[in-house]
Ligand code: SF4
Ligand code: SF4
Ligand code: SF4
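Numbering (this note's numbering), first residue to last: 2 to 580.
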């Protein structure tokens, strides 16, 4: 690699020729503050927080977009630099709704932290504030531009990472606002509710729709039987909200926490992930063996489904008709479970804890009432659950280990790996292979489909039949393989698509990392590794071996793809157009 030598604050630093001054300084342990910078996503030099002095330059330079050069002399901490950063920050604050104590990002806000670090103790420029928009019509995402600092991190995420592109700067100068076209609501444009913009936002201008009050109300109602399911990815992230390490596994603390909140039964979405595999695996084999529509594309990720409905209507027949594990769970809960326990389904209140903001949208879709009731009443994100626990004074770290309730809390490792990109594919392959061949799989770990590479491909030999599979996570990566399928350039049989980068572990409802932390670690990879550790420690690791799922078929459903399954566990899709 070609290297150059420069000095930063008098220290000799070696850096690759294509590095920026910001990168070279970080490598040398010198911190230059940033605000609009988000590594690999938003590197535009817009906020001017990273200004530095460069010998020979007429004005201060922005380090995040400034390439290093041989012999360059940089000063990151001169009076002019400090004053410039302070003035910039004070101007930002002068047009900001400074209601920190009631703000969703209080104590986890990059603007607040930077103000503290730069020693801002007063705002010298009070004056007129720009006109704000508050948009809470979406079932998933709330926009509050009174807290927006126009950093454009959300814009780059929505356009570049997700290739959805529904938010952009509207108007100019002081009037600028980040919003959908014509200042429409996010609910009126092809937003897929993924929440990746929330994870990118340094402040409280974007947040999930808070549904905690609905759950508090149900928990306080003695007439209601309140049941909760918890998604695979939440067990490797909830602990972060209580000071635990990134990706720490807290599976057994979760039932204890939820019981203390007052839930009547604590079940596991891993159970219905196993059920999904039974249905989806059977659907795949059926299509493969009977000349059905291929490639089959997975349908667990509601943001991906909406993206497909808007952008690739010609591929809707390729989508698996299986509902997501969340929705299968809801349908089974208000039918099989209600019947088995002798509880009136009208009295069951079904809550789901998800890493995902799009699930809030999914549970309200008209197709998701197949039990005769809304199958899942409320979806809370990991962050909302953490807030409820804190409000109730429950410290996750101080709880004993407890187990999920039976029967809908019994699961296998295959259900757990749904939380990471490639996991649904791997879980399906474990079952499809054994069901199709009647032979035991020697190595159940399909490592080719694991990891955070954007697109992964593999060919699997199922008793002489070569099955070509592909896995994509993040909608930008999904587009790459979907375009190939659309243009007849690929010969895939089975495709897994997850809307969020990293899969559900990187979902839009998960704990939020600062830009600095995101630079230091690939949190999706870290949480993904924990998911595979959960799987390795499970006694059962294949969905078809789940005894509770076997009993469900025996007592209620009959067989995969049977009549009852079709009614309760399968769905259909709608072409939506772009505007
Ligand atoms: S976004 Fe940050 S600085 Fe603004 S009100 Fe919220 S916590 Fe305070
Ligand atoms: S939720 Fe996703 S699609 Fe919607 S604006 Fe945010 S990033 Fe874009
Ligand atoms: S909404 Fe958040 S991420 Fe988007 S421009 Fe405003 S402050 Fe930045």
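Here a beta-carbon is modelled for each residue, glycine too, at the ideal position from N, C-alpha and C.
Here residue 283 is not bridged, per DSSP, to any residue. In the DSSP annotation of this structure, residue 390 is not part of any beta strand (DSSP E); the continuous alpha helix (DSSP H) holding it starts and ends at 383 to 392.
Apart from sequence neighbours up to five positions away, the residues of its chain that approach residue 386 with a beta-carbon distance below 7 Å are 239, 354, ordered along the chain. Under DSSP, residue 355 forms a beta bridge with 382. Taking residue 277 as reference, the option from 553, 576, 578 with the minimal CA-CA separation is 553. Straight-line measurement puts the Cα of residue 301 at about 15 Å from the Cα of residue 471.
Between residue 170 and residue 111, the C-beta spacing is not below 9 Å.
The C-beta separation of residue 66 from residue 45 comes to about 7 Å, placing the pair in contact by the 8 Å criterion. In the three-state scheme derived from DSSP, where H, G and I count as helix and E and B as strand, residue 192 is classed as coil.
At a threshold of 8 Å, residue 206 counts as near ligand 1, since its beta carbon sits closer than that to one of the ligand's heavy atoms. Between ligand 2 and the CB of residue 192, the shortest heavy atom gap is smaller than 8 Å. For residue 157, same chain residues with a beta-carbon under 8 Å away, outside a window of 5 residues either side, are 39, 42, 43, 45, 201 in chain order.
A Cβ-Cβ separation of about 5 Å places residue 270 in contact with residue 230 under the 8 Å criterion. Spatial neighbours of residue 492 in its own chain (CB-CB distance under 8 Å, excluding positions within 5 residues in sequence) are listed in chain order as 469. The distance from the Cβ of residue 206 to that of residue 265 is about 37 Å, inconsistent with a contact at the 8 Å cut-off.
Its Cα nearest to that of residue 368, the residue 303 stands out among 251, 314, 303. The way I'd put it, the region 87 to 96 does touch the region 118 to 128; three or more beta-carbon pairs between them come closer than 8 Å. Contact check between the region 256 to 263 and the region 378 to 398: three or more CB pairs, one atom from each, fall below 8 Å, which counts as touching. Rounded to whole angstroms, the gap between the alpha carbons of residue 250 and residue 418 is 13 Å. Residue 341: member of the alpha helix (DSSP H) spanning 339 to 342, first to last residue. Per the coordinates, the alpha-carbon of residue 21 lies some 10 Å from the alpha-carbon of residue 63. For residue 497, the CB contacts under 7 Å within the same chain, skipping 5 residues up- and downstream, are 299, 423, 425, 426, 472 in chain order. Excluding residues up to 5 positions away in sequence, 576 lie with their Cβ nearer than 7 Å to the Cβ of residue 314 in the same chain. The continuous stretches of alpha helix (DSSP H) do not include residue 73, and DSSP gives it neither H nor E. Excluding the 5 residues flanking it on each side, residue 307 has same chain C-beta neighbours closer than 8 Å at 191, 193, 194, 359, 362, 577, in chain order.
Residue 40 has its CB no nearer than 8 Å to any heavy atom of ligand 3. Take residue 449, set aside five residues on each side of it, and the residues of its chain with a beta-carbon closer than 6 Å to its own are 459, in chain order.
As DSSP reads the structure, residue 135 sits in a beta bridge with 145. With a cutoff of 8 Å, residue 106 counts as near ligand 1, since its C-beta is closer than that to a heavy atom of the ligand. Across the set 187, 153, 161, 165, the C-alpha of 153 shows the shortest separation from the C-alpha of residue 177. Taking non-hydrogen atoms of ligand 1 into account, the C-beta of residue 95 is found less than 8 Å away from none of them. Residue nearest to residue 331 within the set 209, 375, 84 is 375 (criterion: CA-CA distance).
For residue 379 and residue 388, the gap between their C-alpha atoms comes out near 16 Å. In the DSSP assignment, residue 323 is bridged to 571. Relative to the non-hydrogen atoms of ligand 3, the Cβ of residue 156 comes within a distance shorter than 8 Å of at least one. The continuous alpha helix (DSSP H) containing residue 426 extends over residues 424 to 438.
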